[in-house]
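If you read the sequence shown in the working numbering, its first letter stands for residue 84, the second for the next number, and so on.
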Amino acid sequence: MTTRSLGEVLFACSSGRSDPAERAALGGLVNAVRRDAPSVDVRDTPVDVLAADESHPPVRVAVPLTLTDGSDVSAALAVAQRRDPGLVVASALGPDWALAEICVQRLIEAGARKTDTIVLGVAGSDDGAAIDGYSRAGRLVSAVWGGPVHIGSLGGRDTPLTDAVDIARAYGRRVVVASYLLTPGRNADMLRHCGADLVTAPLLDGGPPDPRIAALVVTRFHQALGASAPAL
C-alpha cells in the first residue's frame with residue numbers, strides 16, 4: 084500500500100469566485116491529480132481558503148490552476164507567500180506544449196480545417212506576464228496546428244475576441260475559435276456567443292479530465308520543489 088510522505092501537501096489553487104460548473108471541473112481535475120500522486124496530500128483549495136489556513140505542513144506547494152502567470156490567483160498566492168515564506172508557489176500550468184496539443188485535438192474534434200482562420204480565445208488580462216503567456220500559448224498552438232493562430236481576448240489589453248472574429252471573417256474564410264480556457268463557466272459561455280462558425284470546448288470539457296492536464300499539475304509541483312531546494 085502506498086503511503087503519503089509526512090507533511091507533503093499540494094494546494095491545487097483556484098479562484099474563490101468559481102461558479103458551480105468551474106468547481107465541478109476543477110474537482111474532477113484534483114481527483115485525477117490525487118490518483119497520479121498518491122504519496123502527496125492533494126487539496127482542492129480556493130485561494131481565499133488558503134489565505135485563512137493556519138496549518139503549516141513541512142512541505143507545502145501551491146500550484147495555481149490557471150493557464151498563465153499574472154492571474155488573480157497568482158497575485159493572491161504572492162500575498163499568501165509573503166505572509167508564509169515557507170509556502171512554495173509553482174508556475175501556472177501554461178503555456179505548455181501539452182495544453183497546445185489538447186487545443187489542437189479540440190480543433191480536430193470540432194471539425195476545423197486547414198483553410199479555416201483560427202483564433203485562440205483567451206480570458207484576457209491587463210497584466211504583462213499574462214499577456215505574454217497568452218502570446219506564447221498562441222505560438223505553441225500555431226506550431227502544433229501547422230498554421231497561423233490569432234489571439235482574441237474576452238477582456239484586458241489584447242484584441243477583443245469579437246474584433247478578432249470580425250477581422251478574421253473579412254478574409255472570407257470560416258472562423259474557428261480554439262478555447263484557451265481551463266474550465267466551463269461564464270467565460271466559456273461568452274466564447275460560444277462570439278460569432279465564430281465553430282468554438283471548441285475548454286480544456287476541461289466536463290468529462291473525465293485529460294490525463295495530460297493532471298500530469299502537468301504534478302509536474303509543476305515537482306518543478307517548484309526542485310527550484311526551492313537549497314544548493315549543496
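Positions of the beta carbon are idealized from the N, C-alpha and C atoms, including for glycine. Quick caveat: nothing in here was measured; it's all calculated off a predicted structure.
Option in the options with minimal Cα separation from residue i
i	options	result
A161	R240, C96, A193, V113	C96
G207	L274, V130, F94, V123	L274
T149	A158, P292, G177	G177
N114	R303, R219, D293, H305	D293
A183	F304, V172, P285	P285
P147	P103, G99, I191, G268	G99
S174	G216, L133, D210	G216
V172	A181, A247, R143	R143
T266	A104, F94, R219	A104
D288	L109, E91, S101	L109
Under the three-state DSSP convention, the category residue i falls into
i	result
T283	coil
S98	coil
L170	coil
S236	strand
L93	strand
L203	strand
R154	The sequence shown places Ser at residue 154, not Arg. Coil, per DSSP.
P103	helix
A183	helix
Assumed close pair residue i, residue j - CB separation to whole angstroms, cut-off 8 angstroms
i	j	result
A261	R189	7 angstroms
G153	G238	With 8 angstroms as the limit, G153 and G238 do not qualify as a contact, their Cβ atoms being about 13 angstroms apart.
L281	A193	5 angstroms
V259	R252	About 11 angstroms; that fails the 8 angstroms criterion.
Requested in this report: Check whether the segment 202 to 218 touches the segment 228 to 235, counting contact only when three or more Cβ pairs, one atom from each stretch, lie closer than 8 angstroms.
Outcome: yes
Query raised in the report: Taking only runs of the beta strand (DSSP E) that begin and end inside the segment 241 to 304, which ones reach a length of at least 3 residues, in chain order?
Result: 258 to 262
Query - Validate contact between the segment 117 to 124 and the segment 161 to 172 using beta carbons, cut 8 angstroms, 3 pairs - result: no
**Report entry** Contiguous alpha helix (DSSP H) assignments of at least 4 residues, all confined to the segment 105 to 143
**Finding:** 130 to 135
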